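Student: Heads up, the final residue of the sequence shown is numbered 211 in the numbering used here, and it's a clean run with no missing numbers. The C-beta atom is built at its ideal place from N, Cα and C for all residues, glycine as well. The structure displayed is predicted, hence computed values, not measured ones. I'd like to ask you about the structure that follows.
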Amino acid sequence: MPLTGHCLCKAVTYKADVDAPLLTGYDHCDDCQRQSGSTYSLVVVVPKDKLSVTGPLKKWEGTGSSGKSVWRWFCGDCGSPIAHDPDAAPEIIALKGGSLDTEIKKTLKPEHEIWTIGKLPFCQEKLEHPHERMP
Numbered sequence: 077m078p079l080t081g082h083c084l085c086k087a088v089t090y091k092a093d094v095d096a097p098l099l100t101g102y103d104h105c106d107d108c109q110r111q112s113g114s115t116y117s118l119v120v121v122v123p124k125d126k127l128s129v130t131g132p133l134k135k136w137e138g139t140g141s142s143g144k145s146v147w148r149w150f151c152g153d154c155g156s157p158i159a160h161d162p163d164a165a166p167e168i169i170a171l172k173g174g175s176l177d178t179e180i181k182k183t184l185k186p187e188h189e190i191w192t193i194g195k196l197p198f199c200q201e202k203l204e205h206p207h208e209r210m211p
């Protein structure tokens, strides 16, 4: 079953033609905290070549710990975050789990924590596969 989703105003929609994500987890990096406005970002990693996006998508370029660009994708109308796209791993893209269609996100089973080095001390939940940085 493909993964589908949209932004808050539904102007940006996407579809990832995959049977399952490569990785589902919590990203604790400072940039994801700021983009999500929360303590972490729920990410669903898929092959970038399996993703199609329509609508007024905008991208903002930041710099990752690798020194390479990390592109933050968001809706140009409502500002909802859609994904982050790291140049250091050009074959993958991390969809923002909250942007998935409701019935799909209810089935997610996060197993990984990414960038636990940035995990805030009051976040107590621990998942099966912690990674101090990106695996």
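For D161, which residues from the same chain have a beta carbon less than 6 angstroms from its beta carbon, with the 5 sequence-adjacent residues on both sides left out?
Tutor: Around D161: W147 and I169.
Student: When you compare only the Cα positions, how much space is there between K126 and G140?
Tutor: Approximately 23 angstroms between the Cα atoms of the pair.
Student: Roughly how many angstroms separate the alpha carbons of E189 and H104, rounded to a whole number?
Tutor: Taking the straight line from one Cα to the other gives about 7 angstroms.
Student: Nearest to E137 by CA position, among H82, H205, W149 and L196, is which residue?
Tutor: Among H82, H205, W149 and L196, the Cα nearest to that of E137 belongs to W149.
Student: Could you give the residue range of the beta strand (DSSP E) that holds E167?
Tutor: Note, E167: premise wrong, no beta strand (DSSP E); not H, not E.
Student: Figure out for me which residue from S112, G173, E187 and C151 has the closest Cα to the Cα of L84.
Tutor: Nearest C-alpha to L84: C151.
Student: For the alpha helix (DSSP H) holding E187, just list the boundary residues, first then last.
Tutor: First-last for E187: undefined, no H or E at that position.
Student: As a quick exercise: from K134, D106 and V94, pick the residue whose alpha carbon is nearest that of K124.
Tutor: The shortest Cα separation from K124 among K134, D106 and V94 belongs to V94.
Student: Between I180 and P97, what straight-line distance do the alpha-carbon atoms span, to the nearest angstrom?
Tutor: C-alpha separation (whole angstroms): 11 angstroms.
Student: One question on the structure: do G173 and L133 come within less than 8 angstroms of each other, judged by their Cβ atoms?
Tutor: It is not a contact, given that the beta carbons lie outside the stated cut-off.
Student: Is DSSP giving E179 helix, strand or coil here?
Tutor: E179: helix per DSSP, three-state reduction.
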